[in-house]
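Chemist:
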């Protein structure tokens, strides 16, 4: 599973994300936040900018909202993590 190595605030609802694979991208979270009611506190830019990486590392906020590394990877690269593709292949062969 790709790990998040670093996250930096860019502007608005955009964050620059670097993964341990060497891949990086700027991700715009504005649409994501609109689709997830639990993320409502993050509509405040000040709240959105209070992100941190927890011990997994998962992108998290003090309000309790978080986004798993594999979801971030897909958002940033448009690709599923390798393990996700492998599990689909295993299911198809059983």
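Numbering (my numbering), first residue to last: -14 to 79. All C-beta atoms, glycine included, are put in the ideal place defined by N, C-alpha and C. Predicted model, so just to flag it, every value in this text is computed and none were measured.
1) Comparing alpha-carbon positions, which option in 55, 50, 22 lies nearest residue 35?
2) Please report how far the alpha carbon of residue 26 lies from the alpha carbon of residue 58, in whole angstroms.
3) Excluding the 5 residues flanking residue 61 on each side, which residues of the same chain have their C-beta closer than 6 Å to its C-beta?
4) Beta-carbon within less than 6 Å of residue -9's beta-carbon, same chain only, minus the 5 sequence neighbours each way: which residues are those?
5) Name, in chain order, the residues that DSSP records as bridge partners for residue 65.
Modeler: So, from the listed chains and residues:
1) On the chain shown, position 50 is the one that residue 35 refers to. Checking every option, the nearest Cα to that of residue 35 belongs to 50.
2) Position 41 of the chain shown, counted from the first residue, corresponds to residue 26. Position 73 of the chain shown, counted from the first residue, corresponds to residue 58. Spanning the two alpha carbons is a distance of roughly 23 Å.
3) What you label residue 61 is simply residue 76 of the chain shown in a count that begins at 1. 2, 10, 12.
4) Position 6 of the chain shown, counted from the start, is the residue given in the question as residue -9. Answer for residue -9: 3, listed in chain order.
5) As a first step, residue 65 must be located in the chain shown, where it is residue number 80. Answer by DSSP bridge pairing: none, since residue 65 is not bridged.
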